[in-house]
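The number in this note's numbering is simply the position in the sequence shown, starting from 1, with 5 added. Where is the CB? At the ideal position from N, CA and C, for every residue including glycine. Quick caveat: nothing in here was measured; it's all calculated off a predicted structure. Comments concern the structure below.
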Amino acid sequence: MDNLKQLIAGDLQADPLIVKLGPSETGASSKKYYSVSGISDDDPDEMFILMQAPADTLSDYLEITRYFKRNHIRSPRIFYANLAHGYIILENCGKQTLELLVRNAPQSMIESMYEGAIDLLLALQTLPPDPANIVSKRLFDKEKFSFEFDFHVYKKLITNYFGHVLSNAEKYILQGFFETIVHELTKQPVVFTHRDFQASNLILKENELVIIDFQDARMGLALYDLVSLIEDVYVTLKTDMKNKFINHYKSAARAKHIPIPLDVNFSWIYDLTTLQRKLHDAGAFAFCFENFGNIKYLPYINSVFQHALDVMSRYTIFSEPYDLLTMISHANPPKK
């Protein structure tokens, strides 16, 4: 951390004795975040956030930030960027995430906050297309979904985390299950997709929701981000509240001509999206544990995996993969 501090001081021509760097925080990826002060001429005590990541990740973040700014979507302002040195210094938007704000909050506040989040989601999904932007060049297509199943679910979750080697017959069962999901999801029209539009990535600052962690945005089906918000790993909403928010979204999305499934197919596509998202989440958490030794997300692996099983249990078409995945999870107890 001392080397990073010296690097920042040199880049910004700041006094290294004044620059202060707080401990790093990591999410479910290789990115690291630090608090940093002593770099502003106007206020040496002003706190910023430093994001450390590979140069291509930072480049995507900057490009999408500019896209948001042009279209009046609130995201952290950029104070300084040095891609060669692998970091960006951002506005400190505080720690009042939607996740923390709704914890133990009264129902009226939860409803108000989530309706605001859905309004922000609708604004993202109606952004004007920009063919030159990185987002327009990336897609939740068959290749992307298949990669996530192969890498996160097959390899990181089933094989490495649960320690289960699939037989050819088991592979056949899961392949058919995954292909059904991919086929249905890739038939849907696409809109701007944050890809991690969850409560921990929405921060309230000065009565406005600020969106963060959007560098992986791509085009995808409209229900992807809705599922990320309503079926959040970190926030458990009551069923009646989920239904209320979904209905609010459906009504507003149709009014804005956002391409969402018809009512007859809505629950089916919503559930398939939930299955893809939850299985990917479980695999991503297993990946973080295996590759970075990050134990923060271990407690969530079994809960999100069980969430997927609960959804699968509603459909007789998924009885075989449901039985197989249930057996795998029960035969291999979670790591501590």
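With respect to Tyr38, Ile54 sits close: the two C-beta atoms are nearer than 8 angstroms.
In this model, Tyr92 and Ile178 are separated by some 44 angstroms (Cα to Cα). For the set Phe73, Leu63, Leu228, Arg79, the Cα lying nearest the Cα of Leu280 is the one of Leu228.
Counting every other CB atom within 10 Å of its CB across the protein chains shown gives Ile300 a total below 16, marking it as exposed. If you draw a straight line from the Cα of Arg282 to the Cα of Val232, it is about 8 angstroms long.
By the CB criterion at 8 angstroms, Ala291 and Lys161 fall inside the cutoff. Residues of the same chain with a CB within less than 8 angstroms of the CB of His169, apart from the 5 flanking positions on each side, are Ile163, Ile333, Ala336, Asn337 in chain order. Apart from sequence neighbours up to five positions away, the residues of its chain that approach Arg319 with a beta-carbon distance below 8 angstroms are Asp276, ordered along the chain. In this structure, Arg79 sits near Leu214, with a CB-CB distance shorter than 8 angstroms. In the DSSP assignment, Ala86 falls within the unbroken beta strand (DSSP E) covering 83–87. Apart from sequence neighbours up to five positions away, the residues of its chain that approach Pro133 with a beta-carbon distance below 8 angstroms are Asn76, ordered along the chain. If the five residues before and after Gly99 are omitted, its C-beta is found closer than 7 angstroms to the C-beta atoms of Ile208, Lys210, all from its own chain and listed in chain order. Of the residues assessed, Pro81 falls on the buried side of the cut-off, its CB having 16 or more other CB atoms within 10 angstroms. Annotation: Gly288 is outside any beta strand (DSSP E); the continuous alpha helix (DSSP H) that includes it extends over 268–297.
Here DSSP, grouped into helix, strand and coil, assigns Leu242 to coil.
In this structure, Leu103 sits near Ala122, with a CB-CB distance shorter than 8 angstroms.
Around the beta carbon of Ala60, a 10 Å sphere encloses fewer than 16 other beta carbons of the protein chains shown; the residue is thus reported as exposed. DSSP places Tyr177 in the helix class (H, G or I) of the three-state scheme. Under DSSP, Met114 shares a beta bridge with no residue. For Thr102, the beta-bridge partners assigned by DSSP are Ile208. For Phe152 and His188, the gap between their C-alpha atoms comes out near 14 angstroms. With a contact defined as Cβ atoms closer than 8 angstroms, Val309 and Asp286 qualify at about 5 angstroms.
In the structure shown, Arg319 adopts coil according to DSSP, grouped into three states. Ranked by how close their Cα comes to the Cα of Ile216, the residues Ala14, Gly181, Gln18, Lys74 have Lys74 in first place.
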